[in-house]
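Read left to right, the sequence shown gives residues -22 to -1, 1 to 957 (mature numbering (1 follows the signal peptide of the UniProt record, and there is no 0)).
Where is the CB? At the ideal position from N, CA and C, for every residue including glycine.
Structure first, commentary second.
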Amino acid sequence: MAAGTQICWSKSVIVMLLTSQATQLRGPLRHLPWFHRSQARISLSAGQRRPPHRRWPAREPTANTCAAAAGSLDRPAAHRAPADPSKMAQHQLEQPATLLPLQLNGNELMAGAGLVVFRGINPLITHKPGPAHVMGLKAAKEATSQEDAPLGRLCAKRFVVSARNKLWWCTPEWGSTAGDIPPETQFMMAELEGPPAGSPGAAYACLVPLIDNNTFRATLRPPAYGTANTFIRVESGDESVLAPRWDSVLLIAAGTDPFELADWAMAEAAKLSGGAKARSLKQQPATLDLFGWCTWDAFYFTVSAQGVKEGLASLTAGGTQPGYLILDDGWQMTDTDEEFRHLTPHVMDGPPQGGSPPDLHAAPTGAATGQNVGAKTAESRPQPSAAKADVSFPSFFPAFLRNSFVASILVQLSQVMAWMEFHLLKAAQWLLDNVLHSLTLQRGIAVLASGPLRGAILRTYASSADHMRRLTSVRANAKFADSSAGPNEPWKSRPSDLGAVVKGWKQEFPGLQYVYAWHALHAYWNGVCPTEAGTKKYGSVIMHPRPTPGNLEIDPSMAWSAAVLNGVGTVSNPEPLHGDMHAYLQECGVDGVKVDVQGSIGLLGSRLGGGPALAARYHQSLEDSVRTHFRGNHCVNCMCHSSENLFRMEDTAVARVSDDFYPLDSASWSTHIGVCAYNTLYMGALIQPDWDMFHSKHPAALLHASARVLSGGPIYVSDKPGQHNCDLLRRLVLPDGSILRPLLPGRPTADCLFLDVLRDDKSLLKVWNKNMHSGVLGVFNVQGSSWSRSKRKFHTHDPNPPILDTTVQPSNIPGLASLVAADPAAAKQNGKDLAIKPQGTVEPKTVAVWSDKQQKLSLLAFAEGMRVRLAAEESEILTLVPVQACGNGASIAPVGLVGMLNPGGAVYGCSIKTQGESAVIQLDVKGCGPFLLHSTRPAAKVELGSLELRARYLGEEQAIVFEIPETRSLENRINVVIP
């Protein structure tokens, strides 16, 4: 499973307030099979507005139940010794030459030659000077678990920040005053006085809140009481964990290169906050260079061995075989507590289809099909295993209610009640979206939810979402008993044999090299069952977490979430749990894990010594277990944006950088790309960013495919079997299942760092990256929609964004001129941003530019720019290749395989030799298809080994074009002779 929900649970509670009596009346009817069918008819006819997001499907399967238990876990020490600095030396990046020195001048912090970063600094702030200036804080009164304090006045023209918008995720915001800083801000890049961003001489400051002493987490926030000061909050997350002072709460660095600055500042912050190594110092898993398929959107919880096999066969038949598979949520053995057993039947039906039931899972206006394929309909919900073809009534129903006449009356009555509940819900949604944003109201709802409405809310959760379920065994359920086990297989009907199933997949589909399995950092959404035989040994205790004020500020519904109301089965020592889970998966032939729901650990820490302290234990256990069981560092971190998670990723190298791709929420489609790009600005310093799966057959498929190419991270889809755009996928995937991945994380260009590319109706997003011999620049029109912090959902504020244009320049790609005659061995070093020196050539003055949108080659001087014009949700990918002199009067630039979205990614070696009057261009190329080489002269000969390739010369475009055939290894050396 890949992301968090968009459901506003405050709406759920209001609905319960309005419909509680109807719900109580309908309770007994839920036992009747025809009750679900009646709701399906209502849901399919209802007008729907927003989709069910992947974390909260309408109905979910269950297995056995587990009873809730009360108690307490051993509490960790209030403070843990910080990491040993001598051990952290190996995690350091070289200090960039572009850093500006910082110095304290009275109550001002200065950068470089007189640039003010902060003015009027709070006297309670302490200082550790150095290349990275570290601020500490003294409590204003006495030892406390939470302290809000002014830092001083930030002196910046503009800034971009990344702040939490949910417990698990962050989104960017732009501003120029302290009041523009959202709560829970974890990163800021500020533009200091002087030339504008992206221009020579521009200066930047980077602010990174820290974790002090492994116990107190800091965040930036807006000012209180109308002051102009930037504030900082320091909190342990547990009211019993107190401190009177904190030595390291904020790291500040300044420099003239924003990308080097962000990388170095984040690496320094990680040294102080948890020990995560820099991305370039980590082992990158081999899956990054392969095409993948994830089961989540394809099946949701109905994933089965049979369905996975169908999906792999479907993609392979289309010529786009996956090199790896992510077996997402739905394979584990889980269940709800005993009291909710009757609400969560044991049998899972087929994949979600059609519309959604009358609850909060609504589809967006204008959805392509008019139906919400992301939700389970009432027809596709799990049905009780005891249900037969005839009507089966619960035992408590009296005999006179079991005759067909009375049954028909009850059917009609249930339909009327469902209709009333649906329209009451729509009214409540409208009120909460447009009128009721009162904190008093939200607090009132929280009181009701924890008191008189608690039982009703938990029953609703148990029958509509997976967040009430706990792990009952580390083994798979019976949907993985053998290769033919389907989605309707009762979970406990027979023993599972995941090992045989995985072995069968790999044998039948030889291109499938790796299989990952999903699990939550704490095992499952609602933790570990304390009473089931398969999990009792882990000693879990049901803990009822208490959201921090910051959690509630960004999402008040956390106060009545399933975790808070029902409690989470929490283990004090996760090492045996992680070890057993991973040992089982390893024995089954699983090669890695996707570890989700990581932000919830911070929530659980509210009664266990605080989020940062508990996250330290869980992440250390995870890192150790992955190192032991999954050679090759095969782990994807997910729902993990809180700094208490991000700074703990010591060796694991891949993490999601955005909320989910929601296939039916049109407001999220373009927003997703902007969020990924700006979060990568700082997260990419520590991890290889994962921009999430997408659908190849979708209105926004090309937009998202282009974004994944620029991301520099994994490329994988979550298509349903048979629902693929293989023509598009073949522009991403080579015949052997590999992809042409750029060298770096894709980040916004410097000149658009401080532009609100989602809302200002005038700015296009530009994302840059590098291949070994070319730069790649993506341009995206993502205006019109964004995450709304007031509505707490993706929101379309402009349904008709304007057509926009922007200027693209070679200088948008740092170090582009150095990508000449590169050393292939050096460029392969774990994605490092290498300044590759030219080998005896003068710096080029011209670049060849290939436009994917126009399928056109043009030449551009390094000092010039070209215009790109895009309508809403359109994209363009430009490949920029420095033009090299051959020594015989000719000039060349290897563009690459122009049938691919990243043509330059195919070129991993280029050298020029002279033979008399001719120049021999030696190209090392991966892939097959049409290859384009800019050349001022035609080729005399093009050879692949002993095979001579037919080449055409396009005189007007100054390009040599030839077709590279598909060979066994796909790695070929091409010799082009130019007289």
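What would DSSP say about residue i, mapped onto helix, strand or coil?
{"i": "R421", "result": "helix"}
{"i": "P860", "result": "strand"}
{"i": "Y640", "result": "coil"}
{"i": "L259", "result": "helix"}
{"i": "Q564", "result": "helix"}
{"i": "A917", "result": "coil"}
{"i": "C730", "result": "helix"}
{"i": "W669", "result": "coil"}
{"i": "E944", "result": "coil"}
{"i": "residue 967", "result": "Missing from the structure shown is residue 967; the chain here goes from -22 to 957 and no further."}
{"i": "Q284", "result": "helix"}
{"i": "H912", "result": "strand"}
{"i": "K831", "result": "coil"}
{"i": "M750", "result": "coil"}
{"i": "residue 966", "result": "Nothing can be reported for residue 966: it is not among the residues displayed for the chain, which extend from -22 to 957."}
{"i": "R767", "result": "coil"}
{"i": "Q598", "result": "helix"}
Could you tell me the distance, in whole angstroms, from the CA atom of residue i to the CA atom of residue j?
{"i": "A427", "j": "A202", "result": "30 Å"}
{"i": "G297", "j": "D307", "result": "27 Å"}
{"i": "G301", "j": "W271", "result": "8 Å"}
{"i": "R609", "j": "A728", "result": "37 Å"}
{"i": "I942", "j": "G715", "result": "17 Å"}
{"i": "V573", "j": "K255", "result": "19 Å"}
{"i": "D533", "j": "S177", "result": "39 Å"}
{"i": "L268", "j": "T658", "result": "21 Å"}
{"i": "L220", "j": "A117", "result": "10 Å"}
{"i": "G691", "j": "G429", "result": "46 Å"}
{"i": "P236", "j": "H751", "result": "23 Å"}
{"i": "R725", "j": "N747", "result": "7 Å"}
{"i": "E72", "j": "S123", "result": "36 Å"}
{"i": "S461", "j": "K287", "result": "8 Å"}
{"i": "P488", "j": "V479", "result": "14 Å"}
{"i": "Y694", "j": "S282", "result": "19 Å"}
{"i": "D190", "j": "A248", "result": "11 Å"}
Please confirm whether residue i and residue j have their CB atoms less than 9 Å apart.
{"i": "G762", "j": "L797", "result": "no"}
{"i": "V846", "j": "T945", "result": "no"}
{"i": "T649", "j": "V760", "result": "yes"}
{"i": "S674", "j": "C704", "result": "yes"}
{"i": "K769", "j": "A276", "result": "no"}
{"i": "L856", "j": "V735", "result": "no"}
{"i": "P161", "j": "T197", "result": "yes"}
{"i": "D739", "j": "P777", "result": "no"}
{"i": "K119", "j": "G577", "result": "no"}
{"i": "Q310", "j": "A454", "result": "yes"}
{"i": "L170", "j": "V95", "result": "yes"}
{"i": "G505", "j": "G547", "result": "yes"}
{"i": "E854", "j": "S829", "result": "yes"}
{"i": "P523", "j": "V542", "result": "yes"}
{"i": "A884", "j": "G905", "result": "yes"}
{"i": "K919", "j": "N953", "result": "yes"}
From the DSSP secondary-structure annotation, give me the bridge partner or partners of residue i.
{"i": "D574", "result": "A498"}
{"i": "H676", "result": "None, per the DSSP bridge assignment."}
{"i": "H105", "result": "M113"}
{"i": "F318", "result": "DSSP output for F318 lists no bridge partner at all."}
{"i": "M311", "result": "S451"}
{"i": "E949", "result": "K904"}
{"i": "T122", "result": "A221"}
{"i": "M88", "result": "Q81, V94"}
Given 8 Å as the limit, is there contact between the stretch 560 to 570 and the stretch 476 to 495, that is, 3 or more CB pairs closer than that? The stretch 560 to 570, when compared against the stretch 476 to 495, does touch it at the 8 Å Cβ threshold.
Are at least three pairs of beta-carbons, each pair with one atom in the stretch 904 to 915 and one in the stretch 857 to 871, less than 8 Å apart? The answer is yes - the stretch 857 to 871 touches the stretch 904 to 915, with three or more Cβ pairs under 8 Å.
contact_flag[the stretch 252 to 265, the stretch 94 to 102] where n(CB pairs < 8 Å) is 3 or more: The stretch 94 to 102 and the stretch 252 to 265 do not touch, with fewer than three beta-carbon pairs separated by less than 8 Å.
Below 8 Å, can you find three or more Cβ-Cβ pairs linking the stretch 167 to 186 to the stretch 215 to 231? Output reads yes: the stretch 215 to 231 touches the stretch 167 to 186.
If you pair each beta-carbon of the stretch 718 to 732 with each one of the stretch 685 to 696, do three or more pairs fall below 8 Å? A contact exists between the stretch 718 to 732 and the stretch 685 to 696.
Does the contact criterion of 3 or more C-beta pairs under 8 Å hold for the stretch 622 to 630 versus the stretch 579 to 590? With a cut-off of 8 Å, the stretch 579 to 590 and the stretch 622 to 630 count as touching, because enough Cβ pairs lie within range.
For the structure I just gave you, are there three or more beta carbon pairs, one from the stretch 123 to 138 and one from the stretch 208 to 218, closer than 8 Å? Yes, they touch.
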